[in-house]
Amino acid sequence: MANIILIAAIGKNFELGKNNDLIWKIKEDMKFFQKHTTGHKIVMGYNTFISLGKLLPKREHIVLTHRNLQREGILFFHDYSILKQYLSSIDETVYIIGGASIYKLFLDEANELLLTEIHETCSDATTFFPKFSYELFDKEILSTHQENGIIYEHSKFIKKK
Ligand SMILES: NC(=O)c1ccc[n+]([C@@H]2O[C@H](COP(=O)([O-])OP(=O)(O)OC[C@H]3O[C@@H](n4cnc5c(N)ncnc54)[C@H](OP(=O)(O)O)[C@@H]3O)[C@@H](O)[C@H]2O)c1
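One point on numbering: in the numbering used here, the residue at position 157 of the sequence shown is 165, and numbering is uninterrupted.
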């Protein structure tokens, strides 16, 4: 079974995105995302795939969509249960990179949540990270940062056995 890690940057109210884009663009956080996901499979929903605008280097892209798409270098799945079967047949770390609908699908499957907790709110956010039970996880704050006046933490939530 794949080791499933959800990676996301969220606001105080779990804000994720606005109008199919990110709310906060934090350079150092992008580097954190890159450092963790490089060399791994990344799973995303169609909207996130579109919002990326390009393929991310050195990562195998897996996209969940109802659309009948084919593109070199991307593995498309049209059915969540088939994607889950596929992930249960591989023995490697896989990052779920969003968006909201995909995090929701994989929250129960995740061994770990790697969250950038941004100390900001966004009143017109359009997508949110799913609420989860803190008591199901052990939290470790990895580091605290500040960029352009935005304070944020990198936190690891490890699911309790
Ligand atoms: N802050 C962060 O860390 C972060 C990370 C990622 C994304 N985001 C933001 O999140 C937003 C996008 O999130 P979202 O929830 O709107 O979209 P999403 O989860 O990226 O994609 C949703 C799409 O995925 C496909 N899908 C979902 N469930 C499916 C299923 N069971 N079977 C088949 N296809 C399925 C559908 O595509 P089809 O319509 O093609 O069928 C659906 O419309 C954007 O604003 C983005 O910038 C933020």
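All C-beta atoms, glycine included, are put in the ideal place defined by N, C-alpha and C.
Among the options, the one whose alpha carbon lies nearest that of residue i
| i | options | result |
| --- | --- | --- |
| residue 45 | 122, 168, 133, 130 | 122 |
| residue 161 | 125, 145, 93 | 125 |
| residue 128 | 148, 110, 142, 158 | 158 |
| residue 108 | 10, 27, 64 | 27 |
| residue 153 | 146, 163, 147 | 163 |
| residue 146 | 165, 133, 135 | 165 |
| residue 130 | 72, 11, 17 | 17 |
| residue 25 | 13, 55, 61, 115 | 55 |
| residue 119 | 167, 133, 135 | 167 |
| residue 87 | 59, 116, 110, 39 | 110 |
| residue 41 | 97, 136, 66, 53 | 66 |
| residue 11 | 132, 148, 114, 151 | 114 |
Residue i, enclosing alpha helix (DSSP H) - first and last residue
| i | result |
| --- | --- |
| residue 91 | 88-96 |
| residue 40 | 35-45 |
| residue 6 | What the structure shows of the chain is the stretch from 9 to 169, and residue 6 is not part of that stretch, so it cannot be assessed. |
| residue 59 | 54-60 |
Residue i: CB within 7 Å of a non-hydrogen atom of ligand 1
| i | result |
| --- | --- |
| residue 24 | yes |
| residue 106 | yes |
| residue 87 | yes |
| residue 18 | yes |
| residue 9 | no |
| residue 142 | no |
| residue 30 | yes |
| residue 217 | Nothing about residue 217 can be reported from this structure: the residues present for the chain run from 9 to 169 only. |
| residue 50 | no |
| residue 55 | yes |
| residue 121 | no |
| residue 110 | yes |
| residue 129 | no |
Host beta strand (DSSP E) of residue i (start-end)
| i | result |
| --- | --- |
| residue 101 | 101-106 |
| residue 160 | 158-167 |
| residue 17 | 11-18 |
Counting pairs of beta carbons, one from the stretch 132-146 and one from the stretch 75-88, are three or more of them closer than 8 Å? Remark: fewer than three beta-carbon pairs, one from each stretch, lie closer than 8 Å, so the stretch 132-146 and the stretch 75-88 are not flagged as touching.
Give a yes or no on contact between the stretch 38-52 and the stretch 89-103, applying the rule of three or more CB pairs nearer than 8 Å. As far as the Cβ criterion goes, the stretch 38-52 touches the stretch 89-103, which means the pair count is three or higher.
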